[in-house]
Amino acid sequence: MSLKEYHRKRDFKKTAEPRGTTRVAKGWLYVIQKHDASHLHYDFRLQLGDVLLSWAVPKGPSLDPSVKRLAMHVEDHPVDYGGFEGTIPEGQYGGGTVMLWDRGHWEPVGDAKKDYEAGRLKFHLFGKKLRGGWMLVRKGGAKNSDERAWFLFKERDDEARPADEYDVTVEEPDSVKTGRDLEGIATRSRSVWQSNRKESTKAKPVKAKRAAAKKKSRTPRKRKTPKVDDVPGSKPAALPKSLQPQLATLTDAAPEGAQWLHEIKLDGYRMLCRIDHGKARGNTVEFISRNEQAWTSKFAHLVDAANELPVETALLDGEVVALEPNGVSSFQALQNAFKQGTSAGLVYYVFDVLYLNGMNLMPAALVDRKRALEAIIPSSSEGAIRYSEHIDGAGGAFFQQACKAGLEGIISKRRDRPYTPGRGYDWLKVKCVRREEFVIGGYTSPAGKRTGFGALLLGYHDPRGKLMYAGKVGTGFDERTLKDLLGKLQALARDDSPFENLRRAVGPARSAHWVEPRLVGQIEFTQWTNDGMLRHPSFQGLREDKSAREVVHDVPVAVEAAVQASNKEHAVPRTKKSTKSRLATPSHNGADSSSVLGVRISHPDKVLYPEQGVTKIELARYYEAVARWMLPQVTDRPIVLVRCPEGRKKTCFYQKHPGQGTPTELRQIPVKESGATRPYLVLQRASDLVQMVQMGVLEIHVWGSKADDIERPDRLIFDLDPDPTVAWPRVVESAQQIHEFLQDLGLTVFLKTTGGKGLHLVVPIQRRHDWDEAKEFCRLVAEAIVRADPEHYTSNMSKAKRTNKIFLDYLRNGRGATAVCAYSTRSRDGATVSTPIAWDELTPKLKPSELTIRTVPDRLAQLKRDPWEEIAKVRQSLTTAMKKRLQA
6 MSLKEYHRKR DFKKTAEPRG TTRVAKGWLY VIQKHDASHL HYDFRLQLGD
56 VLLSWAVPKG PSLDPSVKRL AMHVEDHPVD YGGFEGTIPE GQYGGGTVML
106 WDRGHWEPVG DAKKDYEAGR LKFHLFGKKL RGGWMLVRKG GAKNSDERAW
156 FLFKERDDEA RPADEYDVTV EEPDSVKTGR DLEGIATRSR SVWQSNRKES
206 TKAKPVKAKR AAAKKKSRTP RKRKTPKVDD VPGSKPAALP KSLQPQLATL
256 TDAAPEGAQW LHEIKLDGYR MLCRIDHGKA RGNTVEFISR NEQAWTSKFA
306 HLVDAANELP VETALLDGEV VALEPNGVSS FQALQNAFKQ GTSAGLVYYV
356 FDVLYLNGMN LMPAALVDRK RALEAIIPSS SEGAIRYSEH IDGAGGAFFQ
406 QACKAGLEGI ISKRRDRPYT PGRGYDWLKV KCVRREEFVI GGYTSPAGKR
456 TGFGALLLGY HDPRGKLMYA GKVGTGFDER TLKDLLGKLQ ALARDDSPFE
506 NLRRAVGPAR SAHWVEPRLV GQIEFTQWTN DGMLRHPSFQ GLREDKSARE
556 VVHDVPVAVE AAVQASNKEH AVPRTKKSTK SRLATPSHNG ADSSSVLGVR
606 ISHPDKVLYP EQGVTKIELA RYYEAVARWM LPQVTDRPIV LVRCPEGRKK
656 TCFYQKHPGQ GTPTELRQIP VKESGATRPY LVLQRASDLV QMVQMGVLEI
706 HVWGSKADDI ERPDRLIFDL DPDPTVAWPR VVESAQQIHE FLQDLGLTVF
756 LKTTGGKGLH LVVPIQRRHD WDEAKEFCRL VAEAIVRADP EHYTSNMSKA
806 KRTNKIFLDY LRNGRGATAV CAYSTRSRDG ATVSTPIAWD ELTPKLKPSE
856 LTIRTVPDRL AQLKRDPWEE IAKVRQSLTT AMKKRLQA
């Protein structure tokens, strides 16, 4: 892969095509450029390393998997070629009009470099027009490596469409960058790629216009005002002086689904831009920070650019950033720009328009607001003010590519929602790097040759509003920063510590100098330690755009819970001080906030699920929320526990019998086993469930019989345990087949997820059979199913026998065997729950991983009826006729 051939074919004295930057942004760029040169064709390009691999596809791509398009491999192109749309002058190589027909990113399936060299490249596209699985195959394969001819074709998936029904090149002919057709692009003279030599006459008018624009006064030019009164949901309204911006909730992953669009998370200063060219106010442009501070004087060049926008009045929302040479925004570069007085190079990326030409667009859907925004700031704009682009769907893949490209993360937004000031669940953010704001509450004296100060003492506000110490940062400062920051700190000096927990956290701090907690610093770090301190922090700069009172410990919310909240008609936004799910918020009814159902929770903030940040108090409130649903499934049944006192990633162990420290209020029953009588716990009240949390229990397993007749089961369980290679749709199909099989025997069957990748089919029976009869019946069922379909099922518990199959575990129906209780949590990543579901809910679209302690209570609140409402009312027995049919 090289640009040698690309350079050989072009005379850069006659064409301004890019030579290729020396620093290339890491990533997986994908573009298709529709090229009207000597003949019309489509240039298909995939970024691999520092270049764009390129193929000329004469007929363009087809969404029909049966259609294989010839793709002629051509020279590699520079990555920055992927943003071009315009006209190459006649007489130059490739002279003609170039349209950016599609763009996005791609994701290889396998090792991209090796597969490319082998002549068989399989990948997924995430573009605006092409998506899903695709393949490029060299004619002759790897053996004929000099062959330029390849074939491009679509894989069979949900994005595929028959050619006789849909031709994407015909149905979507225009540019994804400007919306123009080829003729419209060709007539736009400023897009012609020319050199800047003196004889390049076509470039002079453009340069002259730009020079004249810079010399203009700030009197607005005559504007062609976009029509916005037909934006659905917009209302006539006066332009406000300012407003609180909409904020995003931090989640542990990106949401999926067509209702979400995704933008790059920019690393700069959030700014509202207020433009008012009304007669009463004259010509006015203002930049306002999120804490309502005026920043207009800092951005003279952005004010000039805003004056050139074709609007009379507008309120824009965006981010002011400094761009590195690779195009990535950098907060440190932004800080350096201000220090060096070079802020003229900053760029304002606009991602929303809230008011426009006398209309309030905030009630309109985001996708409609962005259309209005693109009418005044085209996506092709590359000036000081630019349109912040987005992709639809594919949040997880977009996030992965953002991280690979060295970006801070992404922002995911509901495309159908209005603009709502404050923090809520319609905007979600997920970060590639740990970079947060912290309040500066003090500093230490310098040591050795260090000048200024030694380290900054950092903190954040807890839900009570108290400032909590989080560690100190002593790196990331240059000499100028040390000097400037020391002056600001000394001006805020105070006598006592502002931190609530300083002594407990760091002990005596004899060298500390305390300051009023008003300054906010941006800190990059690797992780949080177990005792709540920052590990390997580095100072990035001051956040003058944020108030210290806003700074809290931003714990990621499980994306499933955030999506669930967003799906509600009226999603309840979190307050600025709250960073956990709704379950983590005390009811404040006068009771101790560490007490749930009368059970006091020690160490309520102990994190039990570190991946989701689920605390002990949150788990207790989960059981409080689901108690009325769970108690009928657990009451009076002997239980076995999985205890993880220090959380799921620490030591966990099974506990069959109560031991020292078991709360005395919990009921115990005697059970004979192995020639002795041993006690078992039995739960009876909602407060008993909370006692389990206090004991560090993360899983509750129950017997299939009750304490008053322990030797006769009243429930049978068929556990579908799939091999890791078995896909979820196959598990769904299997459960449905077994359901039909049991129904054909005359049995009513109930269903629940396991909290893992399997399913439990639960059969209630009358207490007429002992354990041996129950187990034998279940064995006959399992073996009958295996006989009927040995390719997909096994009843052999050997791991070696399970490959590519579903293990039908009937052994859970023996005396003393248990199964996880309905609504019990699991000690697994995700804080998943074993959840009862109705049979009509069981589809391939169901995702058991989304049934968690943060989503199940909301699910139950929305259900019209309990899926297991009738389980205790069913009266059925295992008959001789059933057994004969199974043995036949």
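Residue numbers (the working numbering): 6 to 893. We treat Cβ as the ideally placed atom computed from N, Cα and C, and that holds for glycine. Quantities reported herein were computed from a predicted structural model and do not represent experimental measurements.
By the 16-neighbour rule on beta-carbons within 10 angstroms, residue 882 is exposed. Per DSSP, residue 135 lies in no beta strand (DSSP E) and is assigned neither H nor E.
Between residue 68 and residue 173 a beta carbon distance of about 6 angstroms is seen, short of the 8 angstroms cut, so the two are scored as contacting.
Proximity of the segment 268 to 277 to the segment 304 to 323 meets the contact definition, three or more beta-carbon pairs being nearer than 8 angstroms. Residue pairing from DSSP places residue 278 in a beta bridge opposite 292 and 321.
Taken atom to atom, the span from the alpha-carbon of residue 263 to that of residue 139 is near 20 angstroms.
In this structure, residue 427 sits away from residue 277, with a CB-CB distance that is not shorter than 8 angstroms.
In the three-state DSSP reduction, residue 343 falls in the helix class (H, G or I). Between the alpha carbons of residue 602 and residue 706 lies a distance of about 22 angstroms. Inter-residue distance for residue 526 and residue 338 is about 15 angstroms (C-alpha atoms, whole angstroms).
A straight line joining the alpha-carbon of residue 307 with that of residue 439 spans about 30 angstroms. The C-beta separation of residue 642 from residue 711 comes to about 6 angstroms, placing the pair in contact by the 8 angstroms criterion. Counting only residues of its own chain and dropping the five nearest sequence neighbours on each side, residue 504 has a CB closer than 6 angstroms to the CB of 446, 464, 472 and 474. Straight through space, the alpha carbons of residue 110 and residue 166 are spaced by roughly 21 angstroms. The Cβ atoms of residue 728 and residue 763 lie no closer than 8 angstroms to each other.
If one requires a minimum length of 3 residues, the beta strand (DSSP E) runs lying completely within the segment 323 to 393 are 352 to 361 and 390 to 392, in chain order. In this structure, the CA atom of residue 14 is about 7 angstroms from the CA atom of residue 98.
Residue 153 sits exposed, since fewer than 16 C-beta atoms from the chains shown fall within 10 Å of its C-beta. CA-to-CA, the gap between residue 804 and residue 746 works out to about 26 angstroms. Rounded to whole angstroms, the gap between the alpha carbons of residue 183 and residue 91 is 11 angstroms.
The shortest CA-to-CA distance from residue 178 to any of 382, 133 and 496 is the one to 133.
For residue 829, the CB contacts under 6 angstroms within the same chain, skipping 5 residues up- and downstream, are 704, 705 and 839 in chain order.
Contact between the segment 359 to 369 and the segment 313 to 320 is present, with at least three C-beta pairs closer than 8 angstroms. Within a 10 Å sphere around the beta-carbon of residue 131 sit 16 or more other beta-carbons, which makes this residue buried. Shown here, residue 473 sits in a strand according to DSSP, grouped into three states. For the segment 161 to 198, the continuous alpha helix (DSSP H) assignments of 4+ residues that do not extend past its boundaries occur at 173 to 176 and 187 to 191, in sequence order. Distance from the CA of residue 345 to the CA of residue 485, rounded to the nearest whole angstrom, comes to 11 angstroms. Contact annotation: residue 81 and residue 36 have beta-carbon atoms that are not nearer than 8 angstroms.
Taking 8 angstroms as the cut-off, the beta carbon of residue 105 is found closer than this to the beta carbon of residue 181. With fewer than 16 neighbouring CB atoms inside 10 Å of its own CB, residue 802 falls in the exposed class.
Residue state for residue 558 is assigned as coil, using DSSP reduced to three classes. Measuring C-alpha to C-alpha distances from residue 478 to each of 758, 546 and 57 identifies 546 as the nearest. Its Cα nearest to that of residue 9, the residue 83 stands out among 83, 497 and 844. Taking all protein chains shown into account, residue 851 has fewer than 16 neighbouring C-beta atoms within 10 Å of its C-beta and is therefore exposed.
Spatial neighbours of residue 142 in its own chain (CB-CB distance under 7 angstroms, excluding positions within 5 residues in sequence) are listed in chain order as 124, 125, 155 and 156.
DSSP links residue 660 through a beta bridge to 646.
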